[in-house]
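Residue numbers (this note's numbering): 1259 to 1575.
Below is one structure, written out as structure tokens, with a few remarks after it.
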């Protein structure tokens, strides 16, 4: 069945988005209640994008004329380009600043990361907490935020948790361990790391947040919003491991309570990891006010675990 898309309301253009977040976003933007949207890609187009009900435009990020033509006529830009710590990301965004302004786009929704808080020692983090980026990758996230905030009348920066979902890589290593590791090793890791917060967020929550902020004109003004599923008490290593074990049909002994937090901090220090992060919680207050919080963490985690189990069985891995 085909639908005629709405021709009123903000027109959305997506910069980047050839990964699994873009795929989830494209499914929502194909809703006939929204005006037609466009994805600007600068590399190869994945097969799913060719089949999506969105317009795809190939453009060279370093060609200002091509980019201006691709961006013009749209009201909102969703930026899904990601840094890699090599320097290309801030360089490209700086080169596009004048093009963004000339295109006349009024609002930018920028996908950033909670990784910018890597060096923060506060246990409770909200939008007012000053970030402390450590690695080049984390620093490029902050640079990108600043560039885009200075390029549009409104820029809403979403600092996203560790995104999981179909097509993503987060939790894949855990799935492989659940499938292949001996039961004693799985049980030991649960005992040692069970209390560790995961700061996960489902790809569905992220895509829905991007769409809501793109189209909801009651939300206005440049701002930062934390988007995680951290408000769910089950967003910890032990629970995630248990759900994956269930999906893979694994049983393992559980050695009573998980390790005390002081011991987990000690273990993380031995591995060179930030020990203070085990107690870190990200506030959901602003996201709740904006209607971005989902109560579907467990069901989406179960769906993802089942998908990974099905894929590994099919591949014989």
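We put the beta carbon where it would ideally sit given N, CA and C, even for glycine.
*Are there 16 or more other CB atoms within 10 angstroms of the CB of residue 1528, so buried, or fewer, so exposed?*
The sequence position of residue 1528 within the chain shown is 270, counting from 1. So residue 1528 ends up on the exposed side.
*Verify whether the separation of the beta carbon atoms of residue 1411 and residue 1483 is less than 9 Å.*
Here residue 1411 corresponds to residue number 153 of the chain shown, with the count starting at 1. Here residue 1483 corresponds to residue number 225 of the chain shown, with the count starting at 1. Cβ atoms of residue 1411 and residue 1483: not closer than 9 Å.
*Would you kindly work out how many angstroms separate the C-alpha atoms of residue 1259 and residue 1290, rounded to a whole number?*
What you label residue 1259 is simply residue 1 of the chain shown in a count that begins at 1. What you label residue 1290 is simply residue 32 of the chain shown in a count that begins at 1. The pLDDT assigned to residue 1259 is 26, lower than 50, so where the model puts this residue is not dependable; a value taken from the coordinates is nonetheless given after this. Each residue's alpha carbon lies about 12 Å from the other.
*Near residue 1565, which residues of its chain fall below 7 Å by C-beta distance, leaving aside the five closest residues on each side in sequence?*
Locating residue 1565 in the chain shown gives position 307, where the first residue counts as 1. Same-chain partners within the cutoff: 1424.
*Taking the Cβ atom as the reference point for each residue, do residue 1375 and residue 1383 lie within a distance shorter than 9 Å?*
As a working note, residue 1375 is residue 117 in the chain shown. As a working note, residue 1383 is residue 125 in the chain shown. A contact, by the Cβ cut-off of 9 Å.
*How far does the beta strand (DSSP E) with residue 1335 in it reach, from first residue to last?*
Counted from its first residue, the chain shown places residue 1335 at position 77. Run containing residue 1335: 1334-1337, per the beta strand (DSSP E) assignment.
*Name the one or two DSSP bridge partners that residue 1459 has.*
The count along the chain shown starts at 1 and reaches residue 1459 at position 201. Per DSSP, 1421.
*residue 1370 lies in the beta strand (DSSP E); which residues open and close that run?*
Taking the first residue of the chain shown as 1, we reach residue 1370 at position 112. Run containing residue 1370: 1365-1371, per the beta strand (DSSP E) assignment.
*Can you give the beta carbon distance from residue 1490 to residue 1463, rounded, assuming they're within the 8 Å contact cut?*
For the purposes of this step, residue 1490 is taken as residue 232 along the chain shown, with counting starting at 1. For the purposes of this step, residue 1463 is taken as residue 205 along the chain shown, with counting starting at 1. Their Cβ separation, rounded to whole angstroms, is 11 Å, which puts residue 1490 and residue 1463 out of contact at 8 Å.
*asked:* Taking 8 Å as the cut-off, is the C-beta of residue 1397 nearer than that to any heavy atom in the ligand SAH?
replied: Summarising the ligand content, the structure contains no ligands, and the ligand SAH is consequently not present.
*Separation of residue 1474 from residue 1300, as counted between CA atoms*: Here residue 1300 corresponds to residue number 42 of the chain shown, with the count starting at 1. Here residue 1474 corresponds to residue number 216 of the chain shown, with the count starting at 1. Distance between the alpha carbons of residue 1300 and residue 1474: 28 Å.
*Residues near residue 1437 by beta carbon distance below 7 Å, same chain, minus five either side*: Here residue 1437 is taken as the residue at index 179 of the chain shown, counted from 1. Hits under 7 Å: 1506, 1570.
*Cα separation between residue 1499 and residue 1445?*
As a working note, residue 1499 is residue 241 in the chain shown. As a working note, residue 1445 is residue 187 in the chain shown. Roughly 10 Å between the two C-alpha positions.
*Under a Cβ-count criterion, where at least 16 other Cβ atoms within 10 Å of its own Cβ denotes burial, should residue 1296 be classed as buried or exposed?*
Walking along the chain shown from the start, residue 1296 turns up at place 38. When all chains shown are included, residue 1296 counts as buried.
*Take residue 1556 as the anchor and find which of 1495, 1549, 1365, 1534 has the nearest alpha-carbon.*
Here residue 1556 refers to the residue found at position 298 of the chain shown. Selected option, being the one with the closest Cα: 1495.
*Determine the contact status of residue 1403 and residue 1541, defining contact as a CB-CB distance below 9 Å.*
Position 145 of the chain shown, counting from 1, holds the residue named residue 1403. Position 283 of the chain shown, counting from 1, holds the residue named residue 1541. Going by C-beta atoms, residue 1403 is not nearer than 9 Å to residue 1541.
*The beta strand (DSSP E) spanning residue 1297 covers which residue range?*
Here residue 1297 corresponds to residue number 39 of the chain shown, with the count starting at 1. Counting along the chain, the beta strand (DSSP E) containing residue 1297 begins and ends at 1296-1299.
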